[in-house]
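Everything below concerns the one structure shown next.
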Amino acid sequence: MSSEALQAWWHWAQAIIPAPERESGLRELKQFLSAFTQLSPLDITLRRFPPQIHLKLPLAELQERWQRRWQERVPLQYLIGVAHWHDLALFVTPSVLIPRPETEELLEVVAATVPPWQQQGHWLDLGTGSGAIAIGLARLFAAVLVHAVDCSPEAFEVAQMNIQKYALGDRVRCYVGSWFDPLTHLQGQVQGIVSNPPYIPTSLVATLQPEVQYHEPPLALDGGADGLQAIRQIVATAPDYLQPQGWLFIELMATQGEAVAALTMATQAYERVEIRRDLSGHDRFLVAQRV
Ligand SMILES: C[S@@+](CC[C@H](N)C(=O)[O-])C[C@H]1O[C@@H](n2cnc3c(N)ncnc32)[C@H](O)[C@@H]1O
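Next comes the structure, spelled out in structure tokens:
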């Protein structure tokens with residue numbers, strides 16, 4: 001494609017960004033164009049276009065995808081097939097949740113909490129989606145073997161691709177199944193469990209922004225009537241899998257801190273139960289240590 005044709009496309013593409021979203025939309029447009037050309041977002045900002053630009057997709061396809069961003073509110077990450085999370089560029093499809101910044105913080109909480117002697121052995125990522133937590137954990141603790149589970153076979157495929165991308169095939173094992181079901185061979189042997197389960201109450205799913213409610217997988221969002229269905233199940237079963245003093249880290253919704261602390265303490269299986277806040281000051285993470 002010629003530089004002139006790209007300029008013309010750029011004008012069309014920026015004109016269809018809704019006015020209230022112009023600033024963020026322009027940022028997204030740079031990422032979008034950069035994903036399908038050899039141009040960096042900086043090249044695009046400076047309009048530093050070489051005479052000929054190689055497009056990785058036909059122009060008509062590019063045009064259609066960019067229209068879907070605004071007409072159907074498809075998230076940018078699904079249109080370009082990549083989500084930047086932590087220091088990773090993860091392959092994503094609409095079968096997996098787009099990994100969120102709060103979940104980067106979850107990994108930071110894990111890093112700041114677990115003493116060196118427990119940074120080894122078997123660790124679990126329950127509800128792995130794109131594989132973000134599992135890959136993050138394996139890169140954080142060099143001596144762990146991570147077992148990543150998801151009940152969605154499509155998510156399993158995406159996680160596998162990301163695990164291969166980061167050459168972690170020998171340190172992250174992936175399973176299809178519900179929570180602990182594929183892991184019975186690990187009972188009593190696990191050093192730590194990390195999970196970002198679905199935790200949005202069913203009635204709130206329809207109030208989420210269109211990008212989320214219409215395009216992200218319901219299985220990744222809907223946590224049942226009170227949002228705690230998955231959390232309850234994980235908290236109740238984790239003690240069967242954890243070694244004494246093993247760790248449980250779960251991401252939750254800002255309003256769930258008290259309820260999650262209460263249901264965790266009620267099991268009497270944990271000696272330490274804390275709710276930690278995220279950077280915005282909201283209750284966000286359960287940290288519990290098995291007796
Ligand atoms: C909120 S998403 C988290 C994805 C990823 N860990 C992340 O943080 O980006 C929850 C994940 O749990 C999975 N999931 C839902 N119910 C499950 C179940 N019963 N067993 C295993 N995984 C489940 C969904 O398919 C989804 O991938």
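Per this note's numbering, the very first residue in the sequence shown carries number 1; after that it's consecutive.
Glycine included, C-beta positions come from ideal geometry on N, C-alpha and C.
Take T45, set aside five residues on each side of it, and the residues of its chain with a beta-carbon closer than 7 Å to its own are K30, in chain order. Here V235 really is in contact with T267; their C-beta atoms are around 6 Å apart, less than 8 Å. I234 has its CB no nearer than 7 Å to any heavy atom of ligand 1. Proximity to I200 across Y175, M253 and E157 peaks at M253, based on C-alpha coordinates.
Nearest C-alpha to L242 among T264, F285, V190 and D226: V190. Of the candidates S195, D170 and Y166, the residue whose Cα lies closest to the Cα of F180 is S195. In the DSSP assignment, Q7 falls outside any beta strand (DSSP E) and lies within the alpha helix (DSSP H) extending over S3 to A15.
For ligand 1, a non-hydrogen atom lies closer than 7 Å to the CB of D150. G127 has its alpha-carbon roughly 24 Å from the corresponding atom of V291. For S40, the shortest separation between its Cβ and any heavy atom of ligand 1 does not lie below 7 Å. The C-alpha of R73 lies about 43 Å from the C-alpha of R272. Within the chosen limit of 7 Å, ligand 1 does not reach the beta carbon of V110 with any heavy atom. Per DSSP, reduced to three states, the secondary structure at D226 is coil, with no helix or strand assignment. Excluding sequence positions up to five before and after A262, its CB lies less than 6 Å from no other CB in the same chain.
Judged by the Cβ position, W117 fails to qualify as a neighbour of ligand 1 at the 7 Å threshold, every heavy atom of the ligand being at least this far. W247 is classed as buried because its beta carbon has at least 16 other beta carbons within 10 Å across all chains shown. Here the alpha carbon of V110 sits roughly 13 Å from the alpha carbon of R284. In the DSSP assignment, W85 is bridged to L88. In this structure, the C-beta of P217 approaches ligand 1 to less than 7 Å from one of its heavy atoms.
Relative to ligand 1, even the nearest heavy atom lies 7 Å or more away from the CB of W123. Look at P75: its beta carbon is at least 7 Å from all of the heavy atoms in ligand 1. Rounded to whole angstroms, I275 and G257 show a C-alpha spacing of 6 Å. Using a Cβ distance threshold of 8 Å, L279 and E105 count as a contacting pair.
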